[in-house]
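First comes the structure, then the notes that go with it.
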């Protein structure tokens, strides 16, 4: 564990302290884990009304210069040519030799000379290092990790909350708008990037704003959200929400030892592209078929799986370990993810060793709940 004195803090840290948040280390940052309302209420607010998350620990790196978009497309997995400027895209940074996942990230395609990357906190430096190491002349990669805050407003009432503070809503899923909010100061207003993305499975938005306006933006959203049932939400609820959707978490479900084929992320690979990091290894694995695949597990009884718990086909045939596991507030039962050998039947029942007791789980394909993230 990192020395508490070396952990980074969000520009909203004092707001979280005032709200009584419980903190945890995550990716080298100290971030709110939950508030006094508790994980279940925060989770339910997002599913039924609206929640706000401080996710300023996420990385921000700008790739700029002539050919910036072409360079990103020649290195990261997804095909940037499938989208237009003003759109965002989920993609992967893979190891060129093995195809293992260095990180999963969101790309904001501003134009051919300006592409913003939003990697995971702990992996930002490595993604920037790899891109900078092979960047052609004229293409610059700048780490803006601590220059911008990121807020996620998620849930069916998210549009109403954003509209109340003067931010645009209603644009297409995975599209973004650069807006100004005069009430935040700065002459004509402070620029805020508003993107229809999120990590919860619900309709929602992620806002990227300069650090120095994070507090007034948070305050305005909190005030506007009162009448809509808004709750501040921590990493605990973020984890239960994303697990219900089967969204992988880097460092648990996906790592350098896990490929997109194994993680069910082949849809985020531009297989028709001539080049991207890891292409040869991934094409070969795809053709041969991966030996394991990320699967969902749903408790038949009352067991709640946790990362690291052993999964077995029978009492004497271990298969793998749980990579993510939690109690689903929506389903009211335990759910999990695991990299299960592909020889196991897709609907098999397996056992999970929960503190020495073998609990039965059903293998399923995520998501565990119906997504509404693309609803118009």
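Residue numbers (the numbering used here): 6 to 381. Glycine included, C-beta positions come from ideal geometry on N, C-alpha and C. Just so it is clear, the structure is predicted and the values come from calculations on it, not from any experiment.
Can you give me the C-alpha to C-alpha distance between residue i and residue j, rounded to a whole angstrom?
i: residue 183; j: residue 301; result: 37 Å
i: residue 124; j: residue 326; result: 26 Å
i: residue 185; j: residue 259; result: 36 Å
i: residue 317; j: residue 199; result: 44 Å
i: residue 347; j: residue 49; result: 34 Å
i: residue 352; j: residue 69; result: 47 Å
i: residue 211; j: residue 295; result: 34 Å
i: residue 98; j: residue 310; result: 29 Å
i: residue 278; j: residue 272; result: 13 Å
i: residue 375; j: residue 257; result: 23 Å
i: residue 281; j: residue 82; result: 6 Å
i: residue 114; j: residue 121; result: 7 Å
i: residue 24; j: residue 312; result: 29 Å
i: residue 26; j: residue 314; result: 29 Å
i: residue 267; j: residue 299; result: 6 Å
i: residue 176; j: residue 76; result: 28 Å
Measure from the alpha carbon of residue i to the alpha carbon of each residue in the options, then state which is nearest.
i: residue 469; options: 299, 137, 264, 74; result: Only positions 6 to 381 of the chain appear in the structure, and residue 469 is not among them; the question remains open.
i: residue 236; options: 178, 55, 148, 209; result: 55
i: residue 373; options: 362, 252, 266; result: 252
i: residue 218; options: 137, 130, 315, 61; result: 61
i: residue 112; options: 232, 57, 180; result: 180
i: residue 238; options: 32, 59, 30, 53; result: 59
i: residue 291; options: 305, 34, 269, 304; result: 269
i: residue 105; options: 267, 261, 354; result: 261
i: residue 171; options: 305, 287, 196; result: 196
i: residue 357; options: 380, 337, 303; result: 303
i: residue 131; options: 152, 142, 312, 108; result: 108
i: residue 101; options: 287, 44, 13; result: 287
Is it buried or exposed, residue i, if we count other Cβ atoms within 10 angstroms and call 16 or more buried?
i: residue 90; result: exposed
i: residue 96; result: buried
i: residue 16; result: buried
i: residue 361; result: exposed
i: residue 202; result: buried
i: residue 188; result: exposed
i: residue 307; result: exposed
i: residue 320; result: exposed
i: residue 223; result: buried
i: residue 71; result: exposed
i: residue 47; result: buried
i: residue 11; result: exposed
i: residue 214; result: buried
i: residue 243; result: buried
i: residue 141; result: exposed
i: residue 276; result: exposed
i: residue 92; result: buried
i: residue 191; result: Confidence at residue 191 is low in this model, with a pLDDT of 49, below 50, so its placement is unreliable and the value that follows should be read with caution. Classification of residue 191: exposed, given that the 10 Å Cβ count is below 16.
Provide the residue(s) that pair with residue i in DSSP beta bridges, ordered along the chain.
i: residue 153; result: 215
i: residue 359; result: 362
i: residue 67; result: 121, 147
i: residue 342; result: 301, 329
i: residue 367; result: 303, 354
i: residue 92; result: 114, 180
i: residue 106; result: 99
i: residue 36; result: 29
i: residue 11; result: Beta-bridge pairing links residue 11 to no other residue.
i: residue 236; result: 56
i: residue 319; result: 322
i: residue 196; result: 185
i: residue 275; result: Paired residue(s): none; residue 275 is not in a bridge.
i: residue 5; result: Residue 5 lies beyond the range of the chain shown here (6 to 381); nothing can be said about it.
Indicate whether at least one CB of chain C lies closer than 7 Å to the CB of residue i.
i: residue 366; result: The chain labelled as chain C is not found in the depicted structure, where only one protein chain is given.
Quiz item: Would you call the segment 242 to 259 and the segment 320 to 339 touching, i.e. three or more CB-CB distances under 8 Å?
Solution: Between the segment 242 to 259 and the segment 320 to 339 there are three or more C-beta pairs closer than 8 Å, enough to call the two in contact.
Quiz item: For the 8 Å Cβ check, are there 3 or more pairs between the segment 365 to 375 and the segment 341 to 353?
Solution: Counting Cβ pairs under 8 Å, three or more are found: they touch.
Self-check item: Given 8 Å, three or more beta-carbon pairs between the segment 201 to 221 and the segment 153 to 167
Solution: Yes, the segment 201 to 221 is in contact with the segment 153 to 167.
Quiz item: Using 8 Å as the Cβ pair cut-off and three pairs as the minimum, do the segment 33 to 44 and the segment 76 to 90 touch?
Solution: Three or more Cβ pairs closer than 8 Å define a contact, and the segment 33 to 44 falls short of that threshold against the segment 76 to 90.
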